[in-house]
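By the numbering used here, the letter at position 127 of the sequence shown is numbered 482, and the numbering carries on one by one without gaps. Every residue, glycine too, gets a C-beta built ideally from N, C-alpha and C. Given the structure is predicted, the values throughout are model-derived calculations rather than measurements.
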Amino acid sequence: MSRRRALALIAFVILGAAVVVLFRNIQLSGRKHHSRNSLDHAPAAVHSSGSTQPSAPRSQSVRAAKEEIAATFALLEKAKNAEESRDILAKLGNALAGMSADEVANASRHFLDENRDTGTRLGFAVGDEGNLNSAPTFRTWLLDQLGRLNPEAAADYATTILGSHGSADEWAVALRNYARLRTESADEAYLQEKARELINDPRWQREQSVGWLEAFDVIVEMRATTLTSDLTGLVRKTEPGAKATAHAAFLTLDRLVIADPLPVLTQLQGQPDLMAGREATRANYFARADVRDPAQRAVLESYLLDSARSPEEMQTFCGVYPNANFMISKNLLTRSAGVDGTDLAARDRAALALVEEWILDPRFQSRKEELELIRRRLSEFVRQTQK
C-alpha cells in the first residue's frame with residue numbers, strides 16, 4: 356500500500372476515542388467555538404390570543420431553576436441504571452437551555468456551593484467542541500452545562516473548583532472552562548501551575564480517573580513546555596497500575612513536541628536522564644524534528660552524534676524518521692489540526708537531502724549504516740510522491 360495513502364486506525368480507550376493515523380495526504384477538519392449569549396430575563400410568555408406579558412420576576416425564575424436542579428438531584432439518587440440517569444439529565448439539560456444564562460449561573464452555583472453530589476452510572480466522555488457527552492457525577496455534569504450555557508460564569512467559578520483538590524473530574528472541566536476564556540499571560544501561568552498540581556497529585560495518580568487523564572490536554576493547549584520534566588517523570592513510571600498514567604504522559608509530551616518542538620527536544624537532549632529507561636520513546640520524539648528549521652536541525656544533529664545513543668534507540672529512530680504519526684481524538688481543549696500533504700512531502704524531501712549530506716559528512720561516519728537505511732526508506736517515499 357502506498358505510504359501516502361496509509362491509514363492505520365487503532366482503538367484507544369484510556370484517553371477517549373482516539374486513533375493513531377499515519378498522515379500521508381490526509382485532510383482533517385478544523386475547530387469552531389459556540390457560546391450562548393447572556394440574558395438578564397427569560398423571554399416573554401406568548402398567550403393563545405397573540406398578546407404577550409412579561410415573564411416572571413427574575414427572583415422567581417432563579418428560584419424555579421434552583422428547584423429544577425434540586426429535583427433532578429433527588430431523582431438521580433434513586434435512578435436504577437445508566438439509561439434512567441441519562442434520561443433524567445437530558446430533561447434537566449433541556450430545561451436549563453430554555454433559561455437565561457444568568458438564571459443558569461445563579462442556580463448552578465447555588466447547588467455547587469452546597470457540596471452535595473451523586474453518581475450517574477455514566478462515564479466521563481468528551482464529545483464535540485470539548486463538551487461532555489456524559490459525566491460520572493452530577494456536579495461534573497452541572498459544571499459542564501455551566502460551561503456551555505454561561506462560559507463567563509463558568510470561568511469565574513472554575514477558580515473555586517481549582518482551589519482545593521476534591522474531584523479530578525471536576526478539575527478537568529474547570530480547567531477547560533477557565534482556559535476557554537482566560538487567555539492573559541497571568542491566566543496562562545495560573546493554568547500551567549494548576550496543570551502541574553493536577554498531574555502530580557499522588558491520589559489522582561493512583562485513581563487515574565478518565566477525567567484526570569483527559570485533563571492532560573490543557574498542557575498541550577497551553578504549550579506548557581515547562582512541564583517537560585514533570586511529564587517525563589510520569590512516562591518513566593513502571594510500577595503496577597501506572598500504565599494509564601505513563602501512556603497519558605507519553606501522548607501529552609508527544610503532542611507538545613508537535614506543537615512546540617525546539618524547547619522540548621533541547622531539554623531532552625540536555626538532560627538525558629529525563630528519559631532513562633525510555634530511550635526508544637525518546638527516539639520517537641526526536642524523529643519529529645523538522646530539519647527545515649535550522650535550530651531543530653542543530654538539536655537533531657547533536658542527538659545523533661551523541662555517543663550515548665544505543666543501537667536499540669538508533670534502530671527505533673531509523674524506523675520512523677521523519678515521524679508522521681499523529682493522534683486523532685476528541686479533546687477538552689485542543690482540536691486535531693489538518694495535515695498538508697504537500698508540506699509533508701516537502702519535509703520528506705528536505706529530510707532525504709540532509710541524510711544524503713550526513714552520509715558524506717565525516718562527523719557521521721559512525722552512523723553511516725543507520726543513515727543508509729533511512730536514505731533508502733525516504734527515497735521510496737519521495738519516489739511515490741512524484742508519481
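In the DSSP assignment, the residues bridged to residue 489 are 480.
In this chain, the alpha helix (DSSP H) harbouring residue 466 covers 456-468. For the 8 angstroms CB-CB criterion, residue 631 and residue 591 form a contact. For a cut-off of 8 angstroms, the C-beta gap from residue 493 to residue 565 is around 17 angstroms, too long to register as a contact.
The DSSP assignment places 680-683 as complete runs of the beta strand (DSSP E) inside the region 664-700, in order along the chain (cut-off: 3 residues). Between the beta-carbon of residue 499 and that of residue 486 there is about 6 angstroms, and that keeps the pair under the 8 angstroms contact cut. Taking a contact to require three or more Cβ pairs closer than 8 angstroms, the region 522-537 and the region 560-577 qualify as touching. Taking the Cα of residue 583 as reference, the smallest distance to any Cα among 559, 562, 620 is reached at 620. Scanning 661, 650, 647 for the CA closest to the CA of residue 638 turns up 661. Residue pairing by DSSP places residue 474 opposite 492 in a beta bridge. If you ignore the 5 residues before and after residue 517, its C-beta comes within less than 6 angstroms of the C-beta of 529, 549, all in its own chain and listed in chain order.
Inclusion of residue 740 and residue 700 in the CB contact set at 8 angstroms is warranted, their separation being smaller than that value. Considering only 597, 540, 578, 536, the residue with the shortest C-alpha distance to residue 558 is 597. Boundaries of the alpha helix (DSSP H) harbouring residue 557: 557-562, taken from the DSSP string.
CA-to-CA, the gap between residue 695 and residue 572 works out to about 23 angstroms. The count of Cβ pairs closer than 8 angstroms, one atom from the region 440-447 and one from the region 646-658, stays below three, leaving the stretches out of contact. Sequence-distant partners of residue 618 (beyond 5 residues in either direction) whose C-beta falls short of 7 angstroms from its own C-beta, in its chain, are 580.
A Cβ-Cβ separation of about 6 angstroms places residue 601 in contact with residue 589 under the 8 angstroms criterion. Annotation: the continuous alpha helix (DSSP H) that includes residue 731 extends over 723-740. The Cβ atoms of residue 474 and residue 491 sit closer than 8 angstroms to each other.
In the assembly as shown, residue 420 is a buried residue. Its beta-carbon has 16 or more other beta-carbons within 10 Å.
In this structure, the beta-carbon distance from residue 644 to residue 675 does not fall below 8 angstroms. Taking each of 497, 628, 663 in turn and checking the Cα distance to residue 460, the smallest one comes out for 497. In the three-state reduction of the DSSP assignment, residue 517 falls in the coil class.
Taken through DSSP and simplified to helix, strand or coil, residue 652 comes out as helix.
In terms of Cα proximity to residue 594, the closest of 561, 730, 429 is 561.
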